[in-house]
Structures are given as structure tokens and as C-alpha cells.
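Participant:
Protein chains: 4
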Amino acid sequence: MTIRIGVIGTGAIGADHARRINQTLTGGKVVAVTDVNREQAEAVVDRLQLDAKVYDNGHDLIAAADVDAVLVTSWGPTHEEFVVAAIKAGKYVFCEKPLATTAQGCFNIVEAEQAAGKRLVQVGFMRPYDSGYRQLKACIDAGDIGEPLMIHAAHRNPTVPERYITEMAIHDTLIHELDVFRWLLNDDYKSAQVIFPRKTRYTHSQLADPQIVLLETVKGTRIDVEVFVNCQYGYDIQCSVVGEEGIANLPEPQSLLMRKGAKLSNEILMDWKDRFIAAYDVELQDFLDGCNAGQMRGASSWDGLAAAVAADACVKAQQTGQIEAIEMPPRPAFYA
Amino acid sequence: MTIRIGVIGTGAIGADHARRINQTLTGGKVVAVTDVNREQAEAVVDRLQLDAKVYDNGHDLIAAADVDAVLVTSWGPTHEEFVVAAIKAGKYVFCEKPLATTAQGCFNIVEAEQAAGKRLVQVGFMRPYDSGYRQLKACIDAGDIGEPLMIHAAHRNPTVPERYITEMAIHDTLIHELDVFRWLLNDDYKSAQVIFPRKTRYTHSQLADPQIVLLETVKGTRIDVEVFVNCQYGYDIQCSVVGEEGIANLPEPQSLLMRKGAKLSNEILMDWKDRFIAAYDVELQDFLDGCNAGQMRGASSWDGLAAAVAADACVKAQQTGQIEAIEMPPRPAFYA
Amino acid sequence: MTIRIGVIGTGAIGADHARRINQTLTGGKVVAVTDVNREQAEAVVDRLQLDAKVYDNGHDLIAAADVDAVLVTSWGPTHEEFVVAAIKAGKYVFCEKPLATTAQGCFNIVEAEQAAGKRLVQVGFMRPYDSGYRQLKACIDAGDIGEPLMIHAAHRNPTVPERYITEMAIHDTLIHELDVFRWLLNDDYKSAQVIFPRKTRYTHSQLADPQIVLLETVKGTRIDVEVFVNCQYGYDIQCSVVGEEGIANLPEPQSLLMRKGAKLSNEILMDWKDRFIAAYDVELQDFLDGCNAGQMRGASSWDGLAAAVAADACVKAQQTGQIEAIEMPPRPAFYA
Amino acid sequence: MTIRIGVIGTGAIGADHARRINQTLTGGKVVAVTDVNREQAEAVVDRLQLDAKVYDNGHDLIAAADVDAVLVTSWGPTHEEFVVAAIKAGKYVFCEKPLATTAQGCFNIVEAEQAAGKRLVQVGFMRPYDSGYRQLKACIDAGDIGEPLMIHAAHRNPTVPERYITEMAIHDTLIHELDVFRWLLNDDYKSAQVIFPRKTRYTHSQLADPQIVLLETVKGTRIDVEVFVNCQYGYDIQCSVVGEEGIANLPEPQSLLMRKGAKLSNEILMDWKDRFIAAYDVELQDFLDGCNAGQMRGASSWDGLAAAVAADACVKAQQTGQIEAIEMPPRPAFYA
């Protein structure tokens, strides 16, 4: 069966997902779009040659009888409203991160979904769909390194613009690690601490860069993540899981091994968009397959909530310099 | 437009391509199948839930009005017959390697295609669709290593069965290198020589293993390929292009870097089927896209002929121990 | 000139240094030995065919007119006494770590040396003599990575015996990092914190293993060191220096790159004694050269004190779970 | 016992060996030097503060009663004369490569040494003293990769001067491989072939660059060596031994792994002098130890002859384009 998709928000990511569904993936078809900027929505329909109706607003789109599932790729502050509406309409909904801009917003979605009696939401965390992270998880789950005791990780960008301030290191950058480590470890967070090394000369006055975030999980695994967003040299995601019997490292992106100019080298990516590009395809295909199978499989709204709660604690830890507790409500059986 | 595909030969590779077309790729649909073993064809239709008619033979399938394009995945000796028939019917045809079992057979196809006045054939050489080889070609074409002067390559399998004899090292194994190097270098072969090191204890009486094949191109680039099909340790494809200013190496398949048991290691694949698995998808998608665009893009029947002519010279070189010329007719403008 | 050496303590390390001086290095000769176990001292003289007198005790050896310089390789608690005696006798002294078992003991040595008016002491920290660390320091000093902002490090052993308890992770293991990072960074420590991940199943009740030690330097560089002494897989020393413009990693020990058994691998050492074996030669040669040049060059007694003060703070941090200050007295011009 | 050394030829390598003996190694002392340029010899004595007499010529030096052993580091064409003279004087002699400039000259030395009834000669092939090659040989000898079947090797220089012509690729460059492979494999050569790829634009009219030399051993192992002396990118020595059960690769020289400027890289050396610098110390120490033990251990004059015979066949193969036999006389028991 072909899932008929409505897209709310046709900016860069929304348009890209629409292209994916119609040109690359199988089992789905974009039949409806909307955007606060109607002309942009029309332009996307035109450019991608979509056989899709342009709606005035997200609510009309959600209500449309020929829309089976909804993509929420609008501005972050609108996510909660549209996701809840889709849930109430009984439609599957894929929501780009953040699920909501506050933990309370995420919690409202979790409540709405439980009230609906069925998991309808997939949150757009794409790292669990990256082939490297999947190999890493398979290795851990197989017990190849014994029980994981520590993770050493890094999230580095070459540069960020002036508007990127200290707490965005958590909400815009670390958020991916906050999601993917829970998934890797089958574990939840217990506390967070943030350490500020001396600043790089390449940062600006509103941004403490780099930062080191220390996380403790319920099982006692300790995680350190270096967040360094003006590292100059590349977009570089490192993840090393130290287990009782060995260590597994996230693979580097595939590249030619070169001998040239007195260097034996592999290329490091400079643009984050290239790093997980294949994962977006796998992620959205999984959503379409989930719709077809009647069962969501990716990050749940509970996962979205967990990331939001952890992120809030990290921001607090940035401000206090203390070890801050990360307190989640008990996980409902619904999300087991 | 959805290309309606007929599949001639529903063995392992034929069934796999059918699955690909219907479940993974876009723009195509299997509507017809046939096999010398009709029951097998029916079983594949059933297993993959194809909405496809089972034909008595390849010619009826080719003639069917609702078949837009044909996949020839039958037994090698039948390829020439079906490919020529498809050409005569004016239908696009994807033919698994070998295009024909003799150079003359390939030549007959080339002639038929020129008579038809339009390129209709894509040969199933998948390596040019591998992301690693594509990076390598992009690097060469960009001039990053200067003009290529040499290629050092290896094609290794853990083991082969008893029925694999000396000349199969050329027709079954080296054939992929014979295709991919022409494409990498934009060049043609001029001569071949084969060297036999002492045999590994792991081979049998009918197989000289390993072998080293030396190729010279028209531009003077020299290629050495180690073919070692009982190397025990893994399925390992190596390709190092030495240019005037540097060397580019085909990337290793992506895998976790492990620290365990006194070893810092990456996994080496043992099964050839895992090595280029992603390339098959890209290859067949390119065929479907080519059908839709009305223009074949992958390996042409001329490329199939070139590989066959080179392979014949290599087999002769195995037998004579001499340097054997590789003589291609002039390339028609049709295949420019 | 040949420096005439007296060795106090002829256990494993003392005998090894004696062998080094007489058989491998240049510019020195062992002429005197002593040990609490006189028979052992005699056995070493015999085994190494030393032309050396066996003394009843360290003080007699230090006082001997034909002894130009002293090696203190006796039991740790005796170091302070012999080093101070050698200083008072105006003789160069190489003292294996620890310089003294307490910070106060180190301070007493520092005072004695200043009173003597000349640097006479080299402490046996060998890592600054390792070719890898030297490359790393040269890279930092040349500004190749910009200012160093962070160090991520690990010190891992396959296993430790039952008598190794939690605080030995600092005094016996981390002590090398405490020395080498000051040298690498030309910096001093400001604070320490210790984090305890969940224990590996391979440790015992008296040892919290692994541990993560967090250090802050005066310049604000942040260091995290994983100390994991039952890691099973190898003796593995990692050091990654993150600078403003790039990252430099301590080289892995040189080993064959192997393709075997489905693995592309390098060997990891299992025995710590193999890791810095070449550095011991360089270190002791530097001591001999320093004696000949009349100027000590290696780790000074001030460096020994600094490591001791930092170690004490780390042990306190293990106990309190808090961030503990590392407070050094102002550095005298004598040690500039 | 201190071996008293006379050095014939105080050019760059001679002076360097004199420095080594007096300043770095143990068991030897330079007591005599000579050079066709007497002033240069005197300057070296002065610069290195040698306690050595300057002789008028090599023969007087060899005859001197206080000279225990001789280093022949003079101009190649004089090697044979001095080595034979040293043999006749019953003195150990270390001769830099080439042992003689012709195979006949080497043979004359072999004859003289046998007549003397004792091995007195060590030839200055240093690669067997390189730690990487030693690891490689240990791996082969231990059977870790099964029987060796092939070697793929490369010897690359960034550039060579105009006076370097085609056959120097054999006598000046490949000569090291010709020695080290016999030692690695415990085998002798049977035939040689040389292949000329198209020339790099960076070579000149008198030099065919690169070249590929194919060697066959008596046991049937096949070796291919790329000799590429204007490769631009670095001084790069590669050696990969393919055995029945695995492959062992010569380690890369130790260097920092860097993340910088969009590259994950290790440095490649540009200057050949840095590559085997440590091996020279080990080599000459082994000569001194051999003198002391009364038994030569390094490359023998037989090994020097074998390299010369193989080199001559390679040069012939350059000229004929044919497979040329490498014919050694039977190995005397004296050199077993």
C-alpha cells in the first residue's frame, strides 16, 4: 500500500523529505503540503513535480481524508501543536527534532499518544539509522566488548555563526548524542555536569567553546562528550565505547586513503550535511514501512521527552557548574 | 513512468534483482518472468508476491506488449540469444555478466545494437556503482594524483570449490577488474601476461593459485592484479592507483575499529556477497532511470566486448606464459 | 669523561639500569653497588660482570671518593634519605619514581637542592624520553595545533594483582600522566576530580576500576584520563591533545599491519615493560650526558614535587568525590 | 674488549660511522682514519675529537698493528681492493655497499675470504637491522602467515637529480630490496624482468621512471617492486608479504596521527636519511659485537655477491625487456 503523506513545513528539511519520499524511497507519496509561506509550498510542489494539494494550514492538512500520515518539519515552536493534532486525528506522524521546545511540550505529546492508545509518533533522530552507529550497537548488544562502562565522544564543527550561543551547544548539538547514547546503551541518564576548558580564540563572546559534558547513566556508565563547534579542522563525530573486554569505535566516514604531499591521509568532512546523509533515507523509509506495518519503530515520543529532559539538565549544569540530576518520570509500559 | 520489467532466469541473481525492483528501487515493476525451470519461476512469483505473468520462454516474454525492458539473468550460454532478441524487439535490456560467453558473441550483440541505431544494452558490471570506486574515479578525473601511471590491485577470496579451475580466475574473477580498470582509467588494454607464483597448499590440482596478471594499457599505464582465491583470511578487494603526484587507494569497507584481545583491528569481510551489496541497488536503479530517460548509462555492450577480448588474451597468456596482445577493433563512434 | 656510578638498590630496575650503563649506554660505568640484601647485590655484580665494589649501605656508597654519581633504585620509602645524602655530598643523583613517598619528602629534597646551590637531581620519569611523546611535544611547541585546550588520555593495563587498591591508580599508574602532561603543556595543575564509572566484573572488592580523573591546569586546559587497569585487552597508553586548530594523537607503538583471520589488525602490547623500553635508554643516557655536561636536564626534583602534590589531591578527590584544589608553592627561580 | 677501528674513507657515511662508534655505540673506538683527501680526514678527526692517527692510505691503515678492524667507506671502485687487503691481514672488515662494483669483484672477495678460512666481512646492508623488517621476518619465520608466496613492494623517492639514470634504479635503489628479500625469505633469486610504465612528467630524458621489477625466487615466490624515484610525495618504502594464510605489511614509520585541515593524516618522510637512521646504529653495533665475539653476523660477502649478481641480471632485463636468469654458483658450505 502506498502511504499518502502530508508535509507541514516545506523549508529545507521538509522539501528534502518530500523529494526523498517521491524519488528515492518506496511505499509513500506526498499528496499534501503546507507552509506558513504558501508561495514556498507551491514552489516546492512545482520544483519536485509533486502531485500534491497545497493546504492553507497544518490543521486542514491533518484533517484531509486522503492524508494517511503527516510529516512535521515546520518551525520548532509549532511542533507540539501539530503532533498532538495528528495524534488526535489518529494519523502517524514523523516529527523532526525537537519533538517540542520544552520538556512539558514533549510530555503533553506523550500523554496524548497514550490517550490515543497506540504509538503514532516517530521523532526525527537519524543517528540510530547510521550504518556506523548500527554496527556499534550490534557489537555492544552481541556482548563483543562485555558490559559498556564508559563512552568517550566528541561532536565537532568547523565553525558556527555568531548567533550560536553557549546553551545551543546542548539543544542544537549535544541533543543528537543525548538521543543516540540512550539507544546505544539501552539506558537512561541520571546526572549531568558541564566543564568549560579555556576558550578557543576562534569563538566569540557569547559562546563558551569548547565544552565537556559529563553524563552518568542509571546503570552507572559514564559518558564524556567534547562539544567543540569552532574546531576549524572538520565536522567530526567520534564515539568510543569502552567495555569490560574491549573497545569499539564508531567508524570514520569512508574515504580514499591518499599518499600525497608528505601525508598519508584520509579526508575529514567539513560539512555536517554530508555526514549522515544516507541515514536520512533509512530513517524515513523506516517510517513509511512502519506506517505500512501499522507499527512505529524509530525514536518514540518517550525518547523525544527523555532527550528534552536531559538537555534541560545539561543547560542547568552549564549555569550552575554543579552536578545536576536528570529526573525522568517512570517509563510507562506503553513505551516499554 | 513505471518501467515494466520482464526477467529471464529466476535463479539467485534474477530473483534478487526482481526483489530489488519491486521492494527497494523506484520506477520499475516486474510484470513478467520465465525460467527453464518453470516451477522455480512460479515459486519466485509467489515468494516475492509479484504481480507478474510466468512465460514459457524468453522469446515470448521479450515479445510481450506489456514488457518495456528485459533482465537477462539466465545461464551464461543463453545470454547472447536473448540480448539480441531484445535488441531486435527494440527493448532495453540489462544483461548480467558475461554479456556472451565468447568475444564473438559479444561482437554479434554490438553489431545488432548498432543496426538497431540506439544503445539498448546495459551489462551487469556493478563495481563502477560502488561508492569507493566512484570516489577513486572522481579523484583521478579531478587530477588529484596527476596522470595515473600504475595500478596495484588484488582480488582475494577465502576459498573456492573444487570445480573452480585455473582459467576461471580470469573469466569469473578477474573479469570485474578488467571492466572496472577501463572505466577508472578511460583507457583500453594493449597486452597481458600471467605469472604463476608457487601454489598455496590450500589449492587443488586443477587450480594454479595465486596468479598475478600484468596488463598494459594503450596509454602505457601498467597494472598488476593478484588473483588469490584461496587466501583463507577474507574476501578482499584492493586497488591502489599510483599517479604522478600521489597515490589513491580504494577505501576499505566501513567497519568498527576494535581494541580487543591484544589487537587493534577492523573486520575483513569473508563473504563476497556483502562487499558490493549496495552497488547492486545503485546499478539497477541506474538502469531503470536510464530506461525512463531513454538513455543507457552503465557498461555498454562495447564494454562487455572489451572485457571479453581482454579475458581471452589473459587466458591465452596463462597458457603460453608469454606477453599476449589484446586487440580490439576500432571503437565505433556509436560507442564514443 | 666516564662517570663512575654507584647504584643503591639492585632489584629489577636497579640491575637493569646497571646493565644499561655498562652494556648499552656511553659515558658511564658502574663502580659501586649496595642493597639491603647484600647477596643480591653481589649476584648482580657477578651476573653483569661489573667491576664494582659492594658497599654495606647507601651512605657509604654515596661517600665513596670514586663514586661520581648515584642511582637511587631502592625501596620507595628510602628514596628521600639517599637523595638528600647525595645532594649533601654534592653528587648527581638519578632517583627512580617516586622521588619521595610524601609531598613533604619531595619538598625536603627541593629545599636541600636549593641549599646546595645547584641542580643535582634527575627524577626517573621516562615518558618525556619516549619518541612518541617527544613528537607530540614538538608538534605542540611548534604551534601546529594552536593552543592546547584539552587532553583526552587513557592508561590501561590488562590486569593488576589483588594487592592493587583504589588509590594505587593514582600513585602507581596516573603518576606518569601527572608528570608528562605538565611537561607536554608547560603548565601546572589547579584542580582534580575523580569519577567512578560502574566497576568492571574483572576487578576486586578493594579496587574501583575504571576511574576517570579530571584535571584543570592553571592556563585552563582540561584533561580527562581514563585509568582502567583490568581492561583485559592490552597495555594501552592513549593521549590526544586537542588544540585550537587541530588534534595530535600519540602514535601507537610500531607493529606489523596484518591481514589474517578476517581481521585487518595491528598488535597491541600486553606487557607494560615493552611499551617504553627504548625510553629508559634515552633517559639514563641523558642523565649520564647531564653529569658529563655538569647540568641536569630531565625531570627535576621540583617536577617530582609537583607530581606528588597533584597525586595527593587526586587521592583526596577519590575520597571526597569533590573538585579538589591542587596547590603548589610558587616556583623558585632556581627551577625556572 | 674495545675494538680499535680504522676508517678508510671519511666522507659523509665514513664520518657518520666514526661518530657512531665513538659517541653512541659501545665496544669500539676509532684509532685510525684515511681518505684520498687527507685534509678531510684531518678535519673529521678534529671535528669529532677522535684520538686517531691519520694514515696516508688504506693499506698502511690496514697494516697498522693497533687497528683491530676496518671500515671501508671509500669510493665504491676501491672497495674490493681494501676489503681483500683487510682479509689478507686477517682483520674484520665492514664494507659499505656495494661490496664491489662488479659481481666478479664480489666473487674475488668471496674467494679471498674462503682462503682465509674464516668469515671476516660484513656488508653494509642496513635494512635487516630495521625494527620493522625484523618484525616482518619474525612473523614469517614463526609461520604466522604460512609459507610466503608473493611480495608486493615499492621503493619511492620524492625526486632524484639529473645524473640519476635508468640503471641506477637497480644499482642504487633496488639493491636494498635485492638484499633484504633474500634475508626475509631465506631464498635465492632465479629470474628477473623489468616493466616500464609510461614515464612520469617529473623525470628526465635519461631516466625511465617508474619501473616495475619482477623477481622469481628458487622456491617460486614472486616479487614485484615498484621503483619510482620522482614520486613527489615522499620517501616511501612499502613491503607486503602475502603468505598462504595471511599478509604482513612492513610498518609505516611512527608518526603522530593528526586531525587538521580537513585531513586525518600521518606524516610521510621526505628525506631517505631519516627512514633507517636507527638501523645504522644497530647494524654497526652488531659489527662491533661480532668482532668482540669473533663471529660476523650481518650480511656476508656471499650476500654481497648475491645482490650484485641479481642486480646485473636486472640491468640486463632493463635492456632486453626479457625474463633474464639470475645464476648464482652453488653456495659453499662456508657460507651456510
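Protein chains in written order, with our numbering: chain E, 1 to 336; chain G, 1001 to 1336; chain A, 2001 to 2336; chain P, 3001 to 3336. Even for Gly, the Cβ is constructed at its ideal location relative to N, Cα and C.
With DSSP as the reference, label G/ALA1248 as helix, strand or coil.
Facilitator: What you label residue 1248 of chain G is simply residue 248 of the second sequence in a count that begins at 1. Strand.
Participant: Would you kindly check if the distance between the Cβ of A/SER2301 and the Cβ of A/VAL2121 is under 7 Å?
Facilitator: As a first step, residue 2121 of chain A must be located in the third sequence, where it is residue number 121. As a first step, residue 2301 of chain A must be located in the third sequence, where it is residue number 301. Yes, these two residues count as a Cβ contact at 7 Å.
Participant: Going residue by residue through the stretch 1141 to 1170 of chain G, where are the continuous beta strand (DSSP E) segments of at least 3 residues, counting only ones entirely within it?
Facilitator: DSSP runs (the beta strand (DSSP E)) wholly in the stretch 1141 to 1170 of chain G: 1148 to 1156.
Participant: Which whole-angstrom value describes the C-beta separation of P/MET3258 and A/GLY2090, a residue pair presumed to lie in contact below a C-beta threshold of 8 Å?
Facilitator: Mapped onto the fourth sequence, residue 3258 of chain P falls at position 258. Mapped onto the third sequence, residue 2090 of chain A falls at position 90. Incorrect: roughly 46 Å between the Cβ atoms, too far for contact.
Participant: State buried or exposed for G/ASN1037, treating a residue as buried only when at least 16 other CB atoms are found within 10 Å of its CB.
Facilitator: The residue given as residue 1037 of chain G occupies position 37 in the second sequence. Exposed: under 16 other Cβ atoms inside 10 Å.
Participant: What is the DSSP secondary structure of A/ILE2323, counted as helix, strand or coil?
Facilitator: Locating residue 2323 of chain A in the third sequence gives position 323, where the first residue counts as 1. Reduced to three states, the DSSP call for A/ILE2323 is coil.
Participant: Starting from the C-beta of E/GLN285, find all residues in its chain whose C-beta is less than 7 Å away, skip the five residues before and the five after it, and write them out in chain order.
Facilitator: Sequence index remark: in the first sequence, residue 285 of chain E carries index 285 (1-based). Cβ neighbours of E/GLN285 beyond the five flanking positions: LEU25.
Participant: Give the straight-line distance between the Cα atoms of P/LEU3061 and P/ALA3311, rounded to the nearest whole angstrom.
Facilitator: Taking the first residue of the fourth sequence as position 1, residue 3061 of chain P is located at position 61. Taking the first residue of the fourth sequence as position 1, residue 3311 of chain P is located at position 311. Using only the alpha carbons, I get a separation of about 31 Å.
Participant: Quick check on the DSSP output: the alpha helix (DSSP H) that includes G/TYR1280 runs from which residue to which?
Facilitator: Position 280 of the second sequence, counted from the first residue, corresponds to residue 1280 of chain G. Run containing G/TYR1280: 1277 to 1293, per the alpha helix (DSSP H) assignment.
Participant: Alpha carbon to alpha carbon, how far is E/ALA142 from E/GLY243?
Facilitator: Locating residue 142 of chain E in the first sequence gives position 142, where the first residue counts as 1. Locating residue 243 of chain E in the first sequence gives position 243, where the first residue counts as 1. Answer to the nearest angstrom: the Cα atoms are 12 Å apart.
Participant: For G/ARG1038, report the span of its alpha helix (DSSP H) as first-last.
Facilitator: Here residue 1038 of chain G refers to the residue found at position 38 when the second sequence is read from its first residue. Counting along the chain, the alpha helix (DSSP H) containing G/ARG1038 begins and ends at 1038 to 1047.
Participant: Please classify G/ASN1157 as buried or exposed, where buried requires at least 16 other C-beta atoms within 10 Å of its C-beta.
Facilitator: For the purposes of this step, residue 1157 of chain G is identified with residue 157 of the second sequence, where counting begins at 1. Label assigned to G/ASN1157: buried.
Participant: Between E/PRO251 and E/GLU226, how many whole angstroms is the CB-CB distance? I'm expecting something under 8 Å.
Facilitator: The residue labelled residue 251 of chain E in the question sits at position 251 within the first sequence. The residue labelled residue 226 of chain E in the question sits at position 226 within the first sequence. Incorrect: roughly 19 Å between the Cβ atoms, too far for contact.
Participant: Helix, strand or coil: how does DSSP classify P/GLY3300 here?
Facilitator: As a working note, residue 3300 of chain P is residue 300 in the fourth sequence. First, the residue type needs correcting, since residue 3300 of chain P is Ser and not Gly in the sequence shown. It is coil, neither helix nor strand.
Participant: Where are the beta strand (DSSP E) runs, 3 residues long or more, that stay fully inside the stretch 2063 to 2096 of chain A, in chain order?
Facilitator: Listed in chain order, the complete beta strand (DSSP E) runs (minimum 3 residues) inside the stretch 2063 to 2096 of chain A are 2069 to 2072, 2092 to 2096.
Participant: Determine the contact status of P/ALA3317 and P/VAL3218, defining contact as a CB-CB distance below 7 Å.
Facilitator: For this step, residue 3317 of chain P is matched to residue 317 along the fourth sequence. For this step, residue 3218 of chain P is matched to residue 218 along the fourth sequence. No, they are not a contact pair.
Participant: When burial is assigned at 16 or more other CB atoms within 10 Å of the CB, is P/ASN3186 buried or exposed?
Facilitator: By 1-based counting over the fourth sequence, the position of residue 3186 of chain P is 186. With fewer than 16 other Cβ atoms within 10 Å, it is exposed.
Participant: Does any residue of chain D have a CB that is nearer than 7 Å to the CB of G/GLY1143?
Facilitator: The structure shown contains no chain D; the protein chains it does contain are E, G, A and P.
Participant: Considering only DSSP beta bridges, list what A/LEU2214 is partnered with.
Facilitator: The residue given as residue 2214 of chain A occupies position 214 in the third sequence. A/GLN2193, A/ASP2224, per the DSSP bridge assignment.
Participant: Nearest chain G C-beta to E/PRO128 closer than 7 Å, yes or no?
Facilitator: Taking the first sequence and counting its residues from 1, one reaches residue 128 of chain E at position 128. For E/PRO128, the answer is no, since every Cβ of chain G falls outside 7 Å of its Cβ.
Participant: Please list, in chain order, all residues of the same chain as E/LYS53 whose beta carbon is under 6 Å from its beta carbon, the five residues on each side excluded.
Facilitator: Along the first sequence, one-based indexing puts residue 53 of chain E at 53. Within the same chain, E/LYS53 has close Cβ partners ALA32.
Participant: Less than 8 Å between C-beta atoms, sequence neighbours within five positions excluded: which residues of the same chain meet that for P/LYS3137?
Facilitator: As a position in the fourth sequence, residue 3137 of chain P is number 137, starting the count at 1. Excluding residues within five positions, the ones whose Cβ falls inside 8 Å are PRO3128, TRP3183, LEU3184.
Participant: Is there a C-beta anywhere in chain A that falls below 7 Å from the one on E/ASP209?
Facilitator: Taking the first residue of the first sequence as 1, we reach residue 209 of chain E at position 209. Closer than 7 Å: no.
Participant: Residues of the stretch 3225 to 3238 of chain P with a CB closer than 9 Å to any CB of chain A: list them in chain order, please.
Facilitator: Cβ contacts with chain A: none found.
Participant: With a threshold of 16 other CB atoms inside 10 Å of the CB of G/ARG1047, please say whether the residue is buried or exposed.
Facilitator: Position 47 of the second sequence, counting from 1, holds the residue named residue 1047 of chain G. Burial call: exposed.
Participant: Once you ignore the five residues that flank E/ASP130 on each side, which residues in its own chain have a CB closer than 6 Å to its CB?
Facilitator: By 1-based counting over the first sequence, the position of residue 130 of chain E is 130. Here the set comprises PHE276, ALA279.
Participant: List, in chain order, every chain P residue whose beta-carbon is nearer than 7 Å to that of A/ARG2038.
Facilitator: Within the third sequence, the letter at position 38 stands for residue 2038 of chain A. Going along chain P, no residue has its Cβ under 7 Å from A/ARG2038, so there is no contact; the nearest lies around 29 Å.
Participant: P/ALA3043 and P/ASP3035: beta carbons closer than 7 Å?
Facilitator: Residue 3043 of chain P sits at position 43 when you count from the first residue of the fourth sequence. Residue 3035 of chain P sits at position 35 when you count from the first residue of the fourth sequence. No; because the gap between Cβ atoms is not below 7 Å, this pair is not in contact.
Participant: Which of helix, strand or coil does DSSP assign to G/ILE1268?
Facilitator: The sequence position of residue 1268 of chain G within the second sequence is 268, counting from 1. Three-state DSSP puts G/ILE1268 in coil, outside helix and strand.
Participant: Any beta carbon of chain P sitting closer than 7 Å to that of G/GLU1324?
Facilitator: Mapped onto the second sequence, residue 1324 of chain G falls at position 324. No, no contact with chain P.
Participant: Confirm, please, whether the CB-CB distance from E/ILE175 to E/ALA307 is below 7 Å.
Facilitator: In the first sequence, counting from the first residue as 1, residue 307 of chain E sits at position 307. In the first sequence, counting from the first residue as 1, residue 175 of chain E sits at position 175. Yes; because the gap between Cβ atoms is below 7 Å, this pair is in contact.
Participant: Using 7 Å as the limit for Cβ to Cβ distance, is P/THR3200 near chain G?
Facilitator: In the fourth sequence, residue 3200 of chain P corresponds to position 200, counting from 1. Yes, contact with chain G.
Participant: How is A/ALA2032 classed by DSSP in three states: helix, strand or coil?
Facilitator: Start at 1 with the first residue of the third sequence, and residue 2032 of chain A comes out as number 32. A/ALA2032: strand per DSSP, three-state reduction.
Participant: Straight-line CA distance for G/GLY1006 to G/GLN1114?
Facilitator: Along the second sequence, one-based indexing puts residue 1006 of chain G at 6. Along the second sequence, one-based indexing puts residue 1114 of chain G at 114. One C-alpha to the other measures close to 23 Å.
Participant: With a Cβ-Cβ cutoff of 7 Å, do G/GLU1080 and G/GLY1105 count as a contact?
Facilitator: As a working note, residue 1080 of chain G is residue 80 in the second sequence. As a working note, residue 1105 of chain G is residue 105 in the second sequence. Yes, Cβ-Cβ distance for G/GLU1080 and G/GLY1105 is below 7 Å.
Participant: For A/ASP2051, which residues does DSSP report across the bridge?
Facilitator: The residue given as residue 2051 of chain A occupies position 51 in the third sequence. For A/ASP2051, which the question treats as bridged, DSSP gives no partner whatsoever.
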